[in-house]
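Chemist:
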Amino acid sequence: MSRQSLRSAILAATATLDEAGVPSPGVDAEELAAHLLGVSRTRLGMTPLVESSWLEGYRSLVARRAERVPLQHIVGSVQFGRAHLVVGPGVFVPRPETESLVVWALDVIAGVTAPLVVDLCAGSGAIALAISAARPDARVIAVERSPSALAFARRNIVQHIDSGGTRVELRGGDVTDQRLLADLDGTADLVLANPPYVPDGTPVEPEVANFDPPEAVFGGPDGLTVIKPLISVAAGLLKVGGALAIEHDDTQGETVPDLLRARRVLTDVVDHQDLAGRPRFVTATRVRMVAADIEPPAAAAPPDGTRRKGLSRRGKLRS
Ligand SMILES: C[S@@+](CC[C@H](N)C(=O)[O-])C[C@H]1O[C@@H](n2cnc3c(N)ncnc32)[C@H](O)[C@@H]1O
Numbered sequence: 006m007s008r009q010s011l012r013s014a015i016l017a018a019t020a021t022l023d024e025a026g027v028p029s030p031g032v033d034a035e036e037l038a039a040h041l042l043g044v045s046r047t048r049l050g051m052t053p054l055v056e057s058s059w060l061e062g063y064r065s066l067v068a069r070r071a072e073r074v075p076l077q078h079i080v081g082s083v084q085f086g087r088a089h090l091v092v093g094p095g096v097f098v099p100r101p102e103t104e105s106l107v108v109w110a111l112d113v114i115a116g117v118t119a120p121l122v123v124d125l126c127a128g129s130g131a132i133a134l135a136i137s138a139a140r141p142d143a144r145v146i147a148v149e150r151s152p153s154a155l156a157f158a159r160r161n162i163v164q165h166i167d168s169g170g171t172r173v174e175l176r177g178g179d180v181t182d183q184r185l186l187a188d189l190d191g192t193a194d195l196v197l198a199n200p201p202y203v204p205d206g207t208p209v210e211p212e213v214a215n216f217d218p219p220e221a222v223f224g225g226p227d228g229l230t231v232i233k234p235l236i237s238v239a240a241g242l243l244k245v246g247g248a249l250a251i252e253h254d255d256t257q258g259e260t261v262p263d264l265l266r267a268r269r270v271l272t273d274v275v276d277h278q279d280l281a282g283r284p285r286f287v288t289a290t291r292v293r294m295v296a297a298d299i300e301p302p303a304a305a306a307p308p309d310g311t312r313r314k315g316l317s318r319r320g321k322l323r324s
């Protein structure tokens, strides 16, 4: 059987993926090769030559990626912080930019023993499991509405426990329902959320349009349909001194912080950027509510800012 150079196969695959418009063709060509060889990307150099039968399999994976099937769907999993998650059709693929929110969250609870952490809009369980893996003493509760996402989250939690992790509680339901988590009112040290927030109709990359569930990505005409009621639910869950982090669209770097500032029970509202320097998530702290404090209605959303050209990390296409 003839053998060929792995490097030249990866270079050919990179050219194919580049032509198909895949954003990171070289990385994806290497990831697919590593997946098929059963090694990590850093160990590809250990395999200088491959059989022609292997090449056939590799080319068919590359062809699927060139059709813009997400890399994570082809390999079936994704690493998110310390969590290894199974993903596929029917669940949102966790994004690297959300890891900044997890890093912030872990820092906030660094000095808290056995913190109670609630992950609203849990999807595959990414945030909940990354927190649990880093803080096994935490009580982590993940909340999700979609039956298919819940099935992935359940599977990922079982895998996490089987590999020595601590239990993560999974609850099915709508996070905008004020009664859903009433038993936890005033008890959470940390509430985290990566809700659907892309304004309806925003053009997105094929991987997002064809493979991420729409209810995971789009958040109504202004992208705030879930975020607005979620803020009330999150504020109610927090204990005094507890903290909140909500990921948002890069066009919402003023709108969402303003929604939090309009709540008297929240203070220290700070917006944070992702690694690309885009506004990405907002944080706040719960303060004690005094009798005179009456929640004002949610602030009206300021007009949408001017859109930048280019592609956002969530896969939006901008004109
Ligand atoms: C952007 S995804 C985030 C998933 C996960 N937290 C992550 O970072 O990978 C948003 C998730 O929220 C869920 N979702 C949308 N609206 C919801 C609602 N009203 N109640 C509960 N979950 C909701 C979607 O099904 C989807 O799984």
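For reference, each letter of the sequence shown is one residue, going 6 to 324 in our numbering.
Each residue gets a CB set at the ideal place from its N, CA and C atoms; glycine is no exception.
Bear in mind that the values here come from a model prediction, so they are computed numbers and not experimental data.
By the three-class DSSP mapping on this structure, what secondary structure does residue 151 have?
Modeler: As a position in the sequence shown, residue 151 is number 146, starting the count at 1. Note: residue 151 maps to coil in three-state DSSP.
Chemist: Does DSSP put residue 185 in a helix, in a strand, or in coil?
Modeler: Start at 1 with the first residue of the sequence shown, and residue 185 comes out as number 180. Correct three-state label for residue 185: coil.
Chemist: Examine the Cβ distances between the region 226-235 and the region 278-291 and report whether three or more of them are shorter than 8 Å.
Modeler: With the cut-off at 8 Å, the region 226-235 and the region 278-291 do not touch.
Chemist: Per DSSP, what kind of secondary structure is residue 10 in: helix, strand or coil?
Modeler: Taking the sequence shown and counting its residues from 1, one reaches residue 10 at position 5. Correct three-state label for residue 10: strand.
Chemist: Using DSSP with H/G/I as helix, E/B as strand and the rest coil, what is residue 19?
Modeler: The sequence position of residue 19 within the sequence shown is 14, counting from 1. In this structure, residue 19 counts as helix in the three-state DSSP scheme.
Chemist: What's the gap between the Cα of residue 255 and the Cα of residue 59?
Modeler: Here residue 255 refers to the residue found at position 250 when the sequence shown is read from its first residue. Here residue 59 refers to the residue found at position 54 when the sequence shown is read from its first residue. Computed Cα separation, rounded: 42 Å.
Chemist: With three or more C-beta pairs closer than 8 Å as the rule, is the region 216-226 touching the region 95-115?
Modeler: Yes, since at least three Cβ pairs between the region 95-115 and the region 216-226 fall closer than 8 Å, the two stretches touch.
Chemist: When we look at the beta-carbon of residue 153 and count the other beta-carbons within 10 Å, is it buried (16 or more) or exposed?
Modeler: What you label residue 153 is simply residue 148 of the sequence shown in a count that begins at 1. By the 10 Å Cβ count, residue 153 comes out exposed.
Chemist: With 16 other CB atoms within 10 Å as the buried threshold, where does residue 84 fall?
Modeler: For the purposes of this step, residue 84 is taken as the residue at position 79 of the sequence shown. Residue 84 comes out exposed.
Chemist: Closest to residue 115 by CA distance: which of 167, 158, 195 and 29 is it?
Modeler: Residue numbering aside, residue 115 sits at position 110 when the sequence shown is read from its first letter. Measuring from the Cα of residue 115, the nearest candidate turns out to be 195.
Chemist: Return the chain-ordered list of same chain residues with a C-beta closer than 6 Å to the C-beta of residue 31, the five sequence neighbours on each side being excluded.
Modeler: The residue you call residue 31 lines up with position 26 of the sequence shown. For residue 31, where only same-chain residues beyond five positions count, the Cβ hits under 6 Å are 19.
Chemist: Going by beta-carbon coordinates alone, are residue 224 and residue 231 separated by less than 9 Å?
Modeler: If you number the sequence shown from 1, residue 224 lands on position 219. If you number the sequence shown from 1, residue 231 lands on position 226. Result yes, Cβ atoms of residue 224 and residue 231 sit closer than 9 Å.
Chemist: Helix, strand or coil: how does DSSP classify residue 251 here?
Modeler: On the sequence shown, residue 251 is found 246 positions in, with the first residue counted as 1. Correct three-state label for residue 251: strand.
Chemist: Okay, do the region 127-143 and the region 68-86 touch, 3+ Cβ pairs below 8 Å being the bar?
Modeler: Touching, per the Cβ criterion.
Chemist: Based on DSSP bridge pairs, tell me the residues matched to residue 85.
Modeler: Taking the sequence shown and counting its residues from 1, the one referred to as residue 85 is at position 80. Partner(s): 88.
Chemist: Does residue 299 come out as helix, strand or coil in the three-state DSSP assignment?
Modeler: As a working note, residue 299 is residue 294 in the sequence shown. Low confidence applies to residue 299: its pLDDT is 49, below 50, so where it sits in the model is not reliable enough to give any reading.
Chemist: So what's residue 103 in DSSP terms, helix, strand or just coil?
Modeler: Counted from its first residue, the sequence shown places residue 103 at position 98. Here residue 103 sits in helix by DSSP.
Chemist: At 4 residues or longer, and completely inside the region 119-175: list those alpha helix (DSSP H) runs for me, N to C.
Modeler: Here the runs fully enclosed are 131-139 and 152-167.
Chemist: So, using beta-carbon positions, are residue 136 and residue 117 closer together than 9 Å?
Modeler: Here residue 136 is taken as the residue at index 131 of the sequence shown, counted from 1. Here residue 117 is taken as the residue at index 112 of the sequence shown, counted from 1. Their beta carbons are not under 9 Å apart, which means residue 136 does not touch residue 117 by this criterion.
Chemist: Nearest-angstrom Cα distance between residue 269 and residue 294?
Modeler: As a position in the sequence shown, residue 269 is number 264, starting the count at 1. As a position in the sequence shown, residue 294 is number 289, starting the count at 1. One C-alpha to the other measures close to 8 Å.
Chemist: Are the Cβ atoms of residue 25 and residue 102 separated by less than 9 Å?
Modeler: Taking the first residue of the sequence shown as 1, we reach residue 25 at position 20. Taking the first residue of the sequence shown as 1, we reach residue 102 at position 97. Their beta carbons are not under 9 Å apart, which means residue 25 does not touch residue 102 by this criterion.
Chemist: On a CA-only basis, which of 139, 126 and 12 is nearest residue 112? Give me that one, please.
Modeler: Translated into the one-based positions of the sequence shown, residue 112 becomes position 107. Of the listed residues, the one whose Cα sits closest to residue 112 is 139.
Chemist: Rounded to whole angstroms, what is the Cα-Cα separation between residue 16 and residue 22?
Modeler: Counting from one through the sequence shown, the residue named residue 16 turns up at place 11. Counting from one through the sequence shown, the residue named residue 22 turns up at place 17. So the two alpha carbons sit approximately 10 Å from each other.
Chemist: Consult DSSP for residue 28 and reduce its assignment to one of helix, strand or coil.
Modeler: Against the sequence shown, residue 28 aligns to sequence position 23. Reduced to three states, the DSSP call for residue 28 is coil.
Chemist: Between 210, 202, 248 and 14, which lies nearest to residue 63 when the distance is taken from Cα to Cα?
Modeler: Taking the first residue of the sequence shown as 1, we reach residue 63 at position 58. Ranking 210, 202, 248 and 14 by Cα distance to residue 63 puts 14 first.
Chemist: Answer yes or no: do residue 166 and residue 147 have a C-beta to C-beta separation smaller than 9 Å?
Modeler: As a position in the sequence shown, residue 166 is number 161, starting the count at 1. As a position in the sequence shown, residue 147 is number 142, starting the count at 1. For residue 166 and residue 147, no; Cβs fall outside 9 Å.
Chemist: Just to confirm my understanding: we take residue 299, look at its own chain, exclude 5 residues before and 5 after, and list those with CB closer than 6 Å. What are they?
Modeler: Counted from its first residue, the sequence shown places residue 299 at position 294. Caution applies to residue 299, whose pLDDT of 49 falls short of 50 and renders its modelled position unreliable; the value that the coordinates give is listed next. For residue 299, where only same-chain residues beyond five positions count, there are no Cβ hits under 6 Å.
Chemist: Considering only the alpha carbon of each residue, which of 44, 52 and 35 lies closest to residue 10?
Modeler: Residue 10 sits at position 5 when you count from the first residue of the sequence shown. Nearest of 44, 52 and 35 to residue 10, Cα basis: 52.
Chemist: With DSSP as the reference, label residue 280 as helix, strand or coil.
Modeler: As a first step, residue 280 must be located in the sequence shown, where it is residue number 275. Note: residue 280 maps to coil in three-state DSSP.
Chemist: Can you give me the Cβ contacts of residue 78 inside the same chain, cut-off strictly under 8 Å, excluding the 5 residues immediately before and after it?
Modeler: The residue given as residue 78 occupies position 73 in the sequence shown. 92, 93, 94, 98 and 216, listed in sequence order.
Chemist: Whole angstroms is fine: what's the gap from residue 307's alpha carbon to residue 105's?
Modeler: The sequence position of residue 307 within the sequence shown is 302, counting from 1. The sequence position of residue 105 within the sequence shown is 100, counting from 1. Note on residue 307: pLDDT 46, under 50, position unreliable in the model; the coordinate value appears next. Whole-angstrom Cα-Cα distance: 26 Å.
Chemist: Alpha carbon to alpha carbon, what distance is there between residue 34 and residue 46?
Modeler: Position 41 of the sequence shown holds residue 46. Position 29 of the sequence shown holds residue 34. Approximately 10 Å between the Cα atoms of the pair.
Chemist: To which residues of the same chain is residue 157 closer than 6 Å at the C-beta, ignoring the five residues directly before and after it?
Modeler: On the sequence shown, residue 157 is found 152 positions in, with the first residue counted as 1. Hits under 6 Å: 96 and 129.
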